[in-house]
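Accompanying notes for the structure given below.
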Amino acid sequence: MSFDPHDVIRVRGARVNNLRAVDVDIPKRQLTVLTGVSGSGKSSLVFDTIAAESQRLINDTYSSFVQGFMPSLARPDVDELGGLTTAIIVDQAPMGSNPRSTVGTATDATALLRVLYSRIAEPPAGGPGAYSFNVPSVSGGGAIQVGNQKKVVKEYKRTGGMCPTCEGTGRVSDVKLEELVDFDLSLDDGALTIPGYKTGGWGYRMYTESGFFPADKPVKDFTEKQREDLFYKEPTKMKIAGINMTYEGLVPRIKSSMLAKERSAMQKHIGEFVDRAVTFVACPDCEGTRLAEHARVSLIDGKSIADLCRMEVSELAEWFGDFEHPEVQPLTDAIRETLANFIAVGLDYLTLDRPTSTLSGGEAQRAKMIRHLGSALTDVTYVFDEPSAGLHPDDVDRMNQLLLQLRDKSNTVLVVEHKPETIAIADHVIDMGPGAGTNGGEVTFTGTYEELTSSDTVTGRHLSDKVAVKDEVREATGAIEVRGAGLNNLRDVDVDIPLGVLTAVTGVAGSGKSSLIREMPKDDTVVYIDQSPISGSRRSNPATYTGALEPIRKAFAKENDVKPALFSPNSEGACPNCKGAGVVYVDLGFMQGTDTLCEVCEGRRFDSAVLDYTFGGRSIADVLDMPAAEAAEFFTDNKVPAAAKICRRLADVGLSYITLGQPLTTLSGGERQRLKLAAKLGDKAEVVILDEPTTGLHLADTHVLLDLLDAMVDAGTSVIVIEHNLAVVAHADHVIDLGPGAGSGGGEIVFTGTPRELAGEDSPTGRHLAAYLG
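In this text, residue positions in the sequence shown follow the numbering used here: the first is 301, and each later residue adds one.
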């Protein structure tokens, strides 16, 4: 398909991250797929240049007051950007850890149901907010009519539907008292075992000197009243050593001081204590529905809104198929369309009340997509980050149709993708490369998919790659027995997971693969590398994340007879101007703030005096600028084996080009996943479990991964991969296929055996593997 050269997004001189003054025209209102090896510059072009500038320009339209509450966005390093439209990013980033966010709230499906119930439910509970667990209900109350009877409900406010007991979370915390105190000891002898409560400290003295119980008697000998005061007493003002203090029982104090924090914000030892001491159970008042009673007893055709949200989407769609209420027909049609979009993106196994924090990266991206499919917006630019991630081959075609559907609504669709099936539907392809990192950052091809297949680019050469099944598979040396697994949708599953081989766990999304792995017995010899994102700021880099910086700092310190802390940009060696960040934030008052390269250290992050110290003829900044492969040789030659070993691991997972000091915030999704794998390779593990390790991997990189997995198994490590990539499935020694469908339609073992045997099975995975093998 040709395009009008005047109707394009025009990029000139883009230099963000590794881009080398890229010039490219991207046709509007067409589907453009960007390809290339991981780290070649795809994300830098579409996310960090095009989408970033679109967002910055939109933010500039707000008032100075509003901009003061928004993140500061610097202009991307590009000479010219023209033809931009509003950019909407649909990526794989988690949808947040907010416990109030559910699949229904994130997709607006629950909002539609609330409007429906406010219109026709009996007895009526009030407006849409009366069915919302995010709107407080704290006052009022009385009798309401339920059928032929009057029912007294707890205090509530008609404008809100939040359960007052659990405050709309559906769960209440239960504290294990034995984790707070040692019942055999007295308070004087150190009975309190809570982190931060040291004998003699003010927090401790409040309990020993309160007078509510004897401090010299073992807690097990307290009277019932004394125990009640120790654990549950309401806040009470008192004086301890002449200082005004507020006494409070241990349980409410723990809940207010520790449980009020996000888990990620806790110090490690505090988080470990909370994990031991606190359990969460379904709220006894709302039975986990999150809703106040007036919302739970308000029904349509015998169903409450909580009942509908607990149904799988496929079941809910069937229920609305028989829904006959012509007075709300337009609203019903909107709900049916939203549910149809769930089914179209392969999320029909989800329930609307499922917390968004439990979704995988691929599920989160498809959930975000649902909102946009029903959007009235046109002529916008949608930017997708590998939308096929987490999708079984059976579902990829449906995803492709949705991308085309968005394009056909007169939108520009930009997709970063590796799968040939999705690249094939593109109107236009841009291939980045030729390599990764400093070896990439150039446009190596533009044209159609057919032209790409015959091009001499890395992508063009690997589009038709196939991995053959092995003539002889490895024999198992034992097995991990899973018996009676029933987590989530698993149906009392019994299966033996073989040891000493490469095992692939397959099945459509939602079939129970991850649930099966969670049910697998685990101990210190098992390492599980899942899809959780790498946490890290601009100050974090591969050297700090993998632990390589520690032996590097020690080597520099020993060579120069100084302290190791000098060789950390986050410690004593930091540039005094930028405090080791490499950039300086400039606050422009009522105008947009910006980051600028530090003029003192020129982005090298270290004090100039520190850079005078060398090791092997290189400064610490020089070393952190080295690609992993070069660094491995450097540290081998200079006899720093610990650092050399870590750098070789980076090369082993296909990150040989990445520099040791590159900020984690600039890494692509595929790079971050492999970095996590490299860091875990150093653990002494007998079993390694990988959750979709090919996520973000180029076709050419898949062979590197397979070689690494083989090397791990040959070295005595049992490797288990949850995977959709047919190259990995074909290369496995053993396959466990779950299904046959998703959600309630899955949860069973449909096949165990070799890939060759699976290719002869009439199952979704078997049929696609047979087609892949030709």
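We put the CB at the ideal spot given by N, CA and C, even for glycine.
Roughly how many whole angstroms lie between the Cα atoms of residue i and residue j?
i	j	result
G460	F433	7 Å
L608	D824	42 Å
D325	L334	13 Å
L413	I388	26 Å
C463	Y431	10 Å
L319	S343	10 Å
V680	T386	5 Å
V1097	T678	Given a span of 301 to 1074 for the chain in the structure shown, any question on residue 1097 remains unanswerable.
G447	P423	For G447, the predicted model reports a pLDDT of 44, less than 50, meaning its position is unreliable; a value from the coordinates is still stated below. Computed Cα separation, rounded: 8 Å.
D756	H762	10 Å
A944	T914	18 Å
R419	A425	10 Å
G741	I670	33 Å
R590	T402	11 Å
H594	S437	10 Å
V862	P734	42 Å
L787	K822	15 Å
E380	G313	7 Å
T1089	I643	With the chain covering only 301 through 1074, there is no way to say anything about residue 1089.
Is the beta carbon of residue i sitting closer than 8 Å to the one on residue j?
i	j	result
T638	S688	no
S1075	A736	Lying before the first or after the last residue shown, residue 1075 is absent from the chain, which here runs from 301 to 1074.
H728	L706	no
N694	P1064	Before going further, note that residue 694 is Asp rather than Asn in the sequence given. Yes, Cβ-Cβ distance for D694 and P1064 is below 8 Å.
L897	V883	yes
V827	D983	yes
G1074	G1066	no
Y327	V311	The residue you asked about is not Tyr; residue 327 is Pro in the sequence shown. No, these two residues do not count as a Cβ contact at 8 Å.
M732	V715	no
T712	G336	no
L1116	A928	In the structure as shown, the chain starts at 301 and stops at 1074, and residue 1116 therefore has no counterpart that could be examined.
M395	L659	yes
P376	V316	yes
E717	E686	yes
V801	V988	no
D484	T493	no
R400	G468	yes
T1078	R610	The structure shown does not extend to residue 1078, since the chain spans only 301 to 1074, so no value can be given for it.
Tell me the DSSP secondary structure of residue i in three-state form.
i	result
F684	strand
N700	helix
T757	coil
S1063	coil
L345	helix
G889	Below a pLDDT of 50, predicted positions are generally treated as unreliable, and G889, at 45, falls in that range; the measurement from the model is reported next regardless. Three-state result, G889: coil.
T632	helix
S675	coil
I309	strand
D912	helix
Y362	coil
Y649	coil
M506	helix
P927	strand
I444	Residue placement at I444 is flagged as unreliable, the pLDDT there being 45, under the threshold of 50; the coordinate-derived value follows with that caveat. DSSP places I444 in strand when its eight states are reduced to three.
G778	strand
D408	coil
If distances are taken between C-alpha atoms only, which option among the options comes closest to residue i?
i	options	result
F1051	V715, T712, V795	V795
D765	K709, D1001, H625, L485	D1001
G954	S675, M395, L1009, F303	L1009
A785	E775, D771, L816, E859	L816
I605	E781, G404, D622, L550	G404
E612	P630, A640, E509, V923	A640
P842	N788, K854, K863, E971	E971
V1019	R974, P399, A985	A985
Please confirm whether residue i has its beta-carbon closer than 8 Å to some beta-carbon of chain D.
i	result
S871	The chain labelled as chain D is not found in the depicted structure, where only one protein chain is given.
request  = Give a yes or no on contact between the stretch 547–561 and the stretch 581–599, applying the rule of three or more CB pairs nearer than 8 Å.
outcome  = no
request  = Take every Cβ of the stretch 782–795, pair it with every Cβ of the stretch 1015–1031, and state whether three or more of those distances are shorter than 8 Å.
outcome  = no
message = I'd like to know if the stretch 409–426 and the stretch 343–363 are in contact, where contact means that at least 3 CB-CB pairs between them fall below 8 Å.
response = no
inquiry  = Closer than 8 Å is the cut-off here; do at least three beta carbon pairs connect the stretch 1036–1046 with the stretch 801–816?
reply    = yes
Cβ contact check for the stretch 501–509 and the stretch 536–544: 3 or more pairs under 8 Å = yes
request  = Give a yes or no on contact between the stretch 368–382 and the stretch 638–657, applying the rule of three or more CB pairs nearer than 8 Å.
outcome  = no
inquiry  = Would the stretch 980–996 count as touching the stretch 1008–1027 if we require 3 or more Cβ pairs under 8 Å?
reply    = yes
task = Kindly confirm or deny that the stretch 517–530 and the stretch 482–490 touch, where touching means at least three C-beta pairs closer than 8 Å.
result = yes
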